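**Q** Going by the numbering used here, the residue at position 219 of the sequence shown is 227; the numbering climbs one at a time, nothing skipped.
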Amino acid sequence: MSESFRKKDGRLLSYEKIEGNGPCVLYLHGFMSSKQAYKASFIKEFCIKTGRAYFAFDATGHGESDGGFEDILVGNYLNDALEISDALIKTPFIPVGSSLGGWIAVLLSVLRPEKIPGFIGLAPALDFTQEVWDYYLTEENKEELRTKKVIGPNEKTLGYAWSYRLFEEGKNHLLLQKETIPYDGYALLLNGDKDEQVPFQKALKIREKLSSANAQTWILKGAGHDLSRPQDLQTIRKAVELMLDFVSAKP
Numbered sequence: 009m010s011e012s013f014r015k016k017d018g019r020l021l022s023y024e025k026i027e028g029n030g031p032c033v034l035y036l037h038g039f040m041s042s043k044q045a046y047k048a049s050f051i052k053e054f055c056i057k058t059g060r061a062y063f064a065f066d067a068t069g070h071g072e073s074d075g076g077f078e079d080i081l082v083g084n085y086l087n088d089a090l091e092i093s094d095a096l097i098k099t100p101f102i103p104v105g106s107s108l109g110g111w112i113a114v115l116l117s118v119l120r121p122e123k124i125p126g127f128i129g130l131a132p133a134l135d136f137t138q139e140v141w142d143y144y145l146t147e148e149n150k151e152e153l154r155t156k157k158v159i160g161p162n163e164k165t166l167g168y169a170w171s172y173r174l175f176e177e178g179k180n181h182l183l184l185q186k187e188t189i190p191y192d193g194y195a196l197l198l199n200g201d202k203d204e205q206v207p208f209q210k211a212l213k214i215r216e217k218l219s220s221a222n223a224q225t226w227i228l229k230g231a232g233h234d235l236s237r238p239q240d241l242q243t244i245r246k247a248v249e250l251m252l253d254f255v256s257a258k259p
């Protein structure tokens, strides 16, 4: 059952919390997705069956939480994750982030390394706002964004709704332009080799940028961006199991 968490700015975030053993698994959904996404439900069921703690929430502008398209910002999502995890997750936790959620998982891990012994990125879309602006949007799209502020969802916007603020604010959180991503915990990065939205080469680049000596990249043959084939889901389960083993064995 979903509950509500009131942020410092007054907005409500819808969340789901399941008590269990060991580090909590925190699912971070993707852009224009929610805590009810297929992968989230799969991971939640795994946690329930194995007695693991689980937590998920809808970021601002998503699912059952407050906010509209214009409020979907990397900074808002990161602040949501910081506020709700600081307040409601008292144990160490493992962020499992899908696409945009993968970007948030890395940012969150950098800011809260004392609480996060490891994270998992599922087609982690670091810096995607800059890449979409530079390589996917036409000049016509960009001018429309500057004047209308929100466009889509339509074919020209890759099926998403984009806001001008998303691209401008996203510049504050870029990571891959840095020499190093300062995080020394465990990292597992999963990507499909048929992913047309987040090419698997990005996961390899993230691994190289992380300061951690315990970072792995798993490339799933034939998998697309959603990583929702039965074999993809089983690989995700293995990744969660392995990460929990890693952090439990950490001295």
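Built from N, CA and C at the ideal position, the CB exists for glycine as well. No experiment lies behind these values; they were computed from the predicted model shown.
So residue 208 packs on residue 189, CB below 8 Å; how close in whole Å?
**A** As a working mapping, residue 208 is identified with position 200 in the sequence shown. As a working mapping, residue 189 is identified with position 181 in the sequence shown. Between residue 189 and residue 208 the Cβ distance is about 18 Å, and since that is not below 8 Å, they are no contact.
**Q** Hey, could you find the ends of the alpha helix (DSSP H) residue 249 is sitting in?
**A** The count along the sequence shown starts at 1 and reaches residue 249 at position 241. 238–257 is the extent of the alpha helix (DSSP H) around residue 249.
**Q** So, for residue 23: in the same chain, excluding its five sequence neighbours on each side, which residues have a beta-carbon less than 8 Å away from its beta-carbon?
**A** Locating residue 23 in the sequence shown gives position 15, counting from the first residue. Hits under 8 Å: 10, 11, 12, 13, 43, 63, 64, 65, 66, 92, 96.
**Q** If we call anything under 7 Å between Cβ atoms a contact, is residue 241 one with residue 50?
**A** What you label residue 241 is simply residue 233 of the sequence shown in a count that begins at 1. What you label residue 50 is simply residue 42 of the sequence shown in a count that begins at 1. Contact flag set, yes.
**Q** Quickly, what does DSSP pair residue 224 with across the bridge? List them, please.
**A** If you number the sequence shown from 1, residue 224 lands on position 216. Bridge partners of residue 224: 196.
**Q** List the residues that DSSP assigns as beta-bridge partners of residue 11.
**A** For the purposes of this step, residue 11 is taken as the residue at position 3 of the sequence shown. 23.
**Q** Quick check on residue 118: does DSSP put it in helix, strand or coil?
**A** For this step, residue 118 is matched to residue 110 along the sequence shown. Helix.
**Q** So is residue 31 buried or exposed if we call it buried at 16+ other beta carbons inside 10 Å?
**A** As a first step, residue 31 must be located in the sequence shown, where it is residue number 23. Residue 31 comes out buried.
**Q** In the DSSP assignment, find the unbroken alpha helix (DSSP H) run with residue 51 in it and report its ends.
**A** Translated into the one-based positions of the sequence shown, residue 51 becomes position 43. First-last of the alpha helix (DSSP H) with residue 51: 46–58.
**Q** Is it a yes or a no for the region 188–202 touching the region 149–162, going by three-plus beta-carbon pairs under 8 Å?
**A** With the cut-off at 8 Å, the region 188–202 and the region 149–162 do not touch.
**Q** Taking the alpha carbon of residue 149 as the reference point, which residue from 134, 165, 253, 137 has its own alpha carbon closest?
**A** Position 141 of the sequence shown, counted from the first residue, corresponds to residue 149. Among 134, 165, 253, 137, the Cα nearest to that of residue 149 belongs to 165.
**Q** Can you give me the start and stop residues for the beta strand (DSSP E) that residue 42 sits inside?
**A** Translated into the one-based positions of the sequence shown, residue 42 becomes position 34. That residue, residue 42, is in no beta strand (DSSP E); it is neither H nor E in DSSP.
**Q** Looking at residue 130: is its Cβ nearer than 7 Å to the Cβ of residue 88?
**A** Residue numbering aside, residue 130 sits at position 122 when the sequence shown is read from its first letter. Residue numbering aside, residue 88 sits at position 80 when the sequence shown is read from its first letter. Not a contact, by the Cβ cut-off of 7 Å.
**Q** Within 10 Å of its beta-carbon, does residue 60 have 16 or more other beta-carbons around it, so buried, or fewer, so exposed?
**A** Within the sequence shown, residue 60 is the residue found at index 52, counting from 1. Flag for residue 60 reads buried.
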